[in-house]
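Structure record follows, encoded as structure tokens.
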Amino acid sequence: MLESPFARPDPKLRIKQFSHLVPRPTPEQVAKFPADAKALLDRIWTRHSELISYGQFDLDWMRGKHFLLAGATGPGLGGAIESAARRFTVVDGSVTVIARDLSKSVGYETGREMLERAKKAGFAERYHLLNSGMELKGPALEAIITALHEAGAKEVIYINGVAAAFSGMLPGYPPVFVKDVDKDGLFQYELQLLTDQQIETTRYIMGIMAVEFPRYLQDAGIKIEATCYMDWRGSLDVISRDPESPYYGRQGPYSTSLYLPKQFVKADTIQAYGHGRKVLDCYLPVMRTRAIGFIPGATPQAYIAEKMMELSNVRKRDVPELALGVLDQIGRAVSGNTFNPFPRLDDHEVPLEEWYWQIVQRLTNDEDSEFYWKNWIPIEFD
Numbered sequence: 012m013l014e015s016p017f018a019r020p021d022p023k024l025r026i027k028q029f030s031h032l033v034p035r036p037t038p039e040q041v042a043k044f045p046a047d048a049k050a051l052l053d054r055i056w057t058r059h060s061e062l063i064s065y066g067q068f069d070l071d072w073m074r075g076k077h078f079l080l081a082g083a084t085g086p087g088l089g090g091a092i093e094s095a096a097r098r099f100t101v102v103d104g105s106v107t108v109i110a111r112d113l114s115k116s117v118g119y120e121t122g123r124e125m126l127e128r129a130k131k132a133g134f135a136e137r138y139h140l141l142n143s144g145m146e147l148k149g150p151a152l153e154a155i156i157t158a159l160h161e162a163g164a165k166e167v168i169y170i171n172g173v174a175a176a177f178s179g180m181l182p183g184y185p186p187v188f189v190k191d192v193d194k195d196g197l198f199q200y201e202l203q204l205l206t207d208q209q210i211e212t213t214r215y216i217m218g219i220m221a222v223e224f225p226r227y228l229q230d231a232g233i234k235i236e237a238t239c240y241m242d243w244r245g246s247l248d249v250i251s252r253d254p255e256s257p258y259y260g261r262q263g264p265y266s267t268s269l270y271l272p273k274q275f276v277k278a279d280t281i282q283a284y285g286h287g288r289k290v291l292d293c294y295l296p297v298m299r300t301r302a303i304g305f306i307p308g309a310t311p312q313a314y315i316a317e318k319m320m321e322l323s324n325v326r327k328r329d330v331p332e333l334a335l336g337v338l339d340q341i342g343r344a345v346s347g348n349t350f351n352p353f354p355r356l357d358d359h360e361v362p363l364e365e366w367y368w369q370i371v372q373r374l375t376n377d378e379d380s381e382f383y384w385k386n387w388i389p390i391e392f393d
């Protein structure tokens, strides 16, 4: 039996243990967050104006709709979806954003700036930002329901872009090693055993709760016109979870724990298809967003993907474009026509995956090698 190269340490590389602790921003970074938030929203708005004028996406369906966006602050996909929703509901319809951002974060400041722009645009009670998170009971759920009623939202488009999961090992599985980089060069993370609580949290927030939440809205008299989840193709790679496979661990933490919540959203999408509910599970490419800093190996993967696309003359799709792509797919579903419940917005990247695995296996600190890490991961550290 061939041993997976992702299940053994490279003797030439440092080994580090991945930490789930969120680094505290410096006072200088905190002072810049408001300006960073404004600049981010300006960039998204400008980019959307360019893309919409091309006519590539059919987004007129969004006018007058009511959007419930979970995890839609900050520089990720959710924030770009919020900008588009706010643009198309400025006259009629509403936007309700659910977040749970630390007060000293760019996500928090982005949310504040979104709310300020909505006020200036005249949304009044048609726009709400709730920073108490999503819950299935208690004050947080009551606040969401109240906000939707105030907005006149009798039927909503529910889009869940929440990122909250633990990267690590489940009990009984052999170790997985993931290459990453820091200021000292290339190294390997050895993924650590997760606690029972971490495993349950990983399943619950992005999986069980995401799927169950619409039912609680319906109990409160709010219909769900369409549901959309976010996914990544690593969750499809079942063979990479098999310790007996030579491909074991090749998706990094998606082979070990991050696939867990995706099992629930896939099941919900399958159960809904053809049975009256419009549910989509959208597959996205690797994106350089805030979330990848919390996933071992994801930052190098994003840089390598961009390098491969550059060498292959494949056009990269940026986050604002992907947001419009997601909304375009939802529009096809709500139109009443046949739609794909598992749209692939990563179809430009998938053909490069086999190449990626060969590159990452050969990455080295040897400056004379074709696979010297800086040739593929042009990242600068402070």
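Per our numbering, residue 12 is the first one in the sequence shown, and the count goes up by one each step.
Where is the CB? At the ideal position from N, CA and C, for every residue including glycine.
Given the structure is predicted, the values throughout are model-derived calculations rather than measurements.
Checklist entry - Hey, out of Lys385, Phe353, Val361, Thr267, whose CA is closest to Phe177's CA? => result Reading the sequence shown from its first residue, position 166 is the one you call residue 177. Ranking the options by Cα distance to Phe177, first place goes to Thr267.
Checklist entry - What residue from Val297, Gly196, Gly104, Phe99 has the CA that sits closest to Val330's CA? => result Stepping through the sequence shown from its first residue, residue 330 is reached at position 319. Comparing Cα-Cα distances from Val330 to each of Val297, Gly196, Gly104, Phe99, the minimum goes to Val297.
Item to check | 8 Å Cβ cutoff, Met73 in contact with chain C | outcome: Checking the listed chains, one finds no chain C in this structure; it contains a single protein chain.
Next on the checklist: Which of the three DSSP states is assigned to Gly241 in this structure?
Outcome noted: Translated into positions along the sequence shown, residue 241 becomes position 230. Looking at the sequence provided, one finds Met at residue 241 rather than Gly. Met241: strand per DSSP, three-state reduction.
Checklist entry - Does the separation of the CB atoms of Trp387 and Lys327 fall below 8 Å? => result Residue numbering aside, residue 387 sits at position 376 when the sequence shown is read from its first letter. Residue numbering aside, residue 327 sits at position 316 when the sequence shown is read from its first letter. Not a contact, by the Cβ cut-off of 8 Å.
Checklist entry - What's the call for Leu269, buried or exposed, on a 16-neighbour Cβ count within 10 Å? => result Numbered from its first residue, the sequence shown carries residue 269 at position 258. Looking at its Cβ environment, which holds 16 or more other Cβ atoms inside 10 Å, Leu269 is buried.
Checklist entry - If you count every other CB in all the chains shown that lies within 10 Å of the CB of Tyr65, and 16 or more means buried, which is it? => result Walking along the sequence shown from the start, residue 65 turns up at place 54. When all chains shown are included, Tyr65 counts as exposed.
Item to check | Cβ contact (3+ pairs, closer than 8 Å) linking the stretch 285-297 and the stretch 230-237 | outcome: yes
Checklist entry - Is the beta carbon of Leu205 less than 8 Å from the beta carbon of Met180? => result Numbered from its first residue, the sequence shown carries residue 205 at position 194. Numbered from its first residue, the sequence shown carries residue 180 at position 169. Cβ distance < 8 Å, so Leu205 and Met180 count as in contact.
Item to check | Neighbourhood of Glu120 by C-beta, 8 Å cutoff - its chain only, sequence neighbours within 5 removed | outcome: Position 109 of the sequence shown holds residue 120. Hits under 8 Å: Phe44, Pro45, Asp47, Ala48.
Checklist entry - What did DSSP end up calling Arg128 once you bin it into helix, strand or coil? => result Residue numbering aside, residue 128 sits at position 117 when the sequence shown is read from its first letter. Looking at Arg128 - three-state DSSP - the assignment turns out to be helix.
Next on the checklist: Please report the straight-line C-alpha distance between His286 and Asp279, rounded to a whole angstrom.
Outcome noted: Here residue 286 corresponds to residue number 275 of the sequence shown, with the count starting at 1. Here residue 279 corresponds to residue number 268 of the sequence shown, with the count starting at 1. Rounded to the nearest whole angstrom, the CA to CA distance from His286 to Asp279 is 11 Å.
Checklist entry - Which residues in the same chain as Gly104 place their Cβ atom closer than 6 Å to its Cβ, once the five residues preceding and following it in sequence are excluded? => result One-based indexing of the sequence shown puts residue 104 at position 93. Correct list, in chain order: Gly75, Lys76, His77.
Next on the checklist: How far does the alpha helix (DSSP H) with Glu166 in it extend, from its first residue to its last?
Outcome noted: The residue labelled residue 166 in the question sits at position 155 within the sequence shown. Glu166 -> not in any alpha helix (DSSP H); beta strand (DSSP E) instead, spanning 166-171.
Item to check | Environment of Ile340 [buried if 16+ CB atoms lie within 10 Å] | outcome: Here residue 340 refers to the residue found at position 329 of the sequence shown. This sequence places Gln at residue 340; Ile is not what is there. Buried: at least 16 other Cβ atoms inside 10 Å.
Next on the checklist: Classify Ser15: buried if its beta carbon has 16 or more other beta carbons within 10 angstroms, exposed otherwise.
Outcome noted: The sequence position of residue 15 within the sequence shown is 4, counting from 1. Counting Cβ neighbours within 10 Å, Ser15 comes out buried, since at least 16 surround it.
Checklist entry - When burial is assigned at 16 or more other CB atoms within 10 Å of the CB, is Val173 buried or exposed? => result Residue 173 sits at position 162 when you count from the first residue of the sequence shown. Classification of Val173: buried, given that the 10 Å Cβ count is 16 or more.
Checklist entry - Where in the stretch 299-379 do unbroken runs of the alpha helix (DSSP H), each at least 4 residues long, occur, reported from the N-terminal end onward? => result 309-323, 330-345, 364-373
Item to check | Limits of the alpha helix (DSSP H) - the one that Tyr215 falls within | outcome: On the sequence shown, position 204 is the one that residue 215 refers to. For Tyr215, no alpha helix (DSSP H) segment is defined, and its DSSP state is neither H nor E.
Next on the checklist: The alpha helix (DSSP H) that contains Ser64, what's its start and end?
Outcome noted: The residue you call residue 64 lines up with position 53 of the sequence shown. Looking at the DSSP string, the run of the alpha helix (DSSP H) that includes Ser64 is 38-65.
Checklist entry - So what does DSSP say about Leu79, is it helix, strand or coil? => result Stepping through the sequence shown from its first residue, residue 79 is reached at position 68. The answer is strand: DSSP assigns Leu79 an E or B state.
Item to check | Stretch pair the stretch 129-138 + the stretch 27-43: three plus CB contacts closer than 8 Å | outcome: Contact between the stretch 129-138 and the stretch 27-43 is absent, with fewer than three C-beta pairs closer than 8 Å.
Item to check | Cβ-based neighbour list, Leu24, same chain, cut-off 8 Å, excluding 5 preceding and 5 following | outcome: Within the sequence shown, residue 24 is the residue found at index 13, counting from 1. Cβ within range, chain order: Lys190, Leu197, Phe198, Gln199, Asn376.
Item to check | Residue interval of the alpha helix (DSSP H) (run including Val222) | outcome: Sequence index remark: in the sequence shown, residue 222 carries index 211 (1-based). Unbroken alpha helix (DSSP H) run through Val222: 220-230.
Next on the checklist: Here's a check: name, in chain order, each residue in its chain whose Cβ is nearer than 8 Å to the Cβ of Trp366, leaving out the five neighbours to either side.
Outcome noted: Taking the sequence shown and counting its residues from 1, one reaches residue 366 at position 355. Closer than 8 Å at the Cβ level, and outside the excluded window around Trp366, lie Met319.
Next on the checklist: Please list the terminal residues of the continuous beta strand (DSSP E) segment that includes His139.
Outcome noted: For the purposes of this step, residue 139 is taken as the residue at position 128 of the sequence shown. That run of the beta strand (DSSP E) goes 138-141.
Checklist entry - If Ser251 sits next to Arg244, beta carbons under 8 Å apart, how far is it from one beta carbon to the other, in whole angstroms? => result Sequence index remark: in the sequence shown, residue 251 carries index 240 (1-based). Sequence index remark: in the sequence shown, residue 244 carries index 233 (1-based). Wrong, their Cβ atoms sit about 11 Å apart, outside the cutoff.
Checklist entry - Would the beta-carbon of Pro225 fall within 8 Å of that of Tyr284? => result Taking the sequence shown and counting its residues from 1, one reaches residue 225 at position 214. Taking the sequence shown and counting its residues from 1, one reaches residue 284 at position 273. No, these two residues do not count as a Cβ contact at 8 Å.
Next on the checklist: Quick check on the DSSP output: the alpha helix (DSSP H) that includes Gln274 runs from which residue to which?
Outcome noted: Position 263 of the sequence shown, counted from the start, is the residue given in the question as residue 274. Note, Gln274: alpha helix (DSSP H), 271-283.
Item to check | Rounded distance between the beta-carbons of Leu356 and Gly336, thought under 8 Å | outcome: Your numbering for residue 336 matches position 325 in the sequence shown. Your numbering for residue 356 matches position 345 in the sequence shown. Their Cβ separation, rounded to whole angstroms, is 5 Å, which keeps Gly336 and Leu356 in contact under 8 Å.
Checklist entry - Sorted by chain position, which residues of the same chain lie with C-beta nearer than 6 Å to Val325's C-beta, five sequence neighbours on each side aside? => result Along the sequence shown, read from residue 1 onward, the residue named residue 325 stands at position 314. The answer, listed in chain order, is His359.
Checklist entry - Nearest-angstrom Cα distance between Tyr215 and His139? => result Residue mapping note: residue 215 aligns to position 204 of the sequence shown, counting from 1. Residue mapping note: residue 139 aligns to position 128 of the sequence shown, counting from 1. Cα-Cα distance, rounded: 25 Å.
Item to check | Spatial neighbours of Leu70 in its chain, beta-carbon cut-off 8 Å, leaving aside the 5 residues before and after | outcome: Mapped onto the sequence shown, residue 70 falls at position 59. These residues qualify, in order along the chain: Ile63, Ala95, Phe99, Leu335, Leu338, Asp339, Gly342.
Checklist entry - Ala50: buried (16+ other C-beta within 10 angstroms of its C-beta) or exposed? => result Here residue 50 is taken as the residue at index 39 of the sequence shown, counted from 1. Exposed is the call here.
Next on the checklist: Using C-beta distances below 8 Å, list every residue in its chain close to Glu166, excluding the 5 sequence neighbours before and after it, in chain order.
Outcome noted: On the sequence shown, position 155 is the one that residue 166 refers to. So the list reads His77, Ile233, Lys234, Ile235, Glu236, once near-sequence residues are dropped.
Checklist entry - DSSP on Val108, reduced to helix/strand/coil? => result Walking along the sequence shown from the start, residue 108 turns up at place 97. The three-state secondary structure of Val108, taken from DSSP, is strand.
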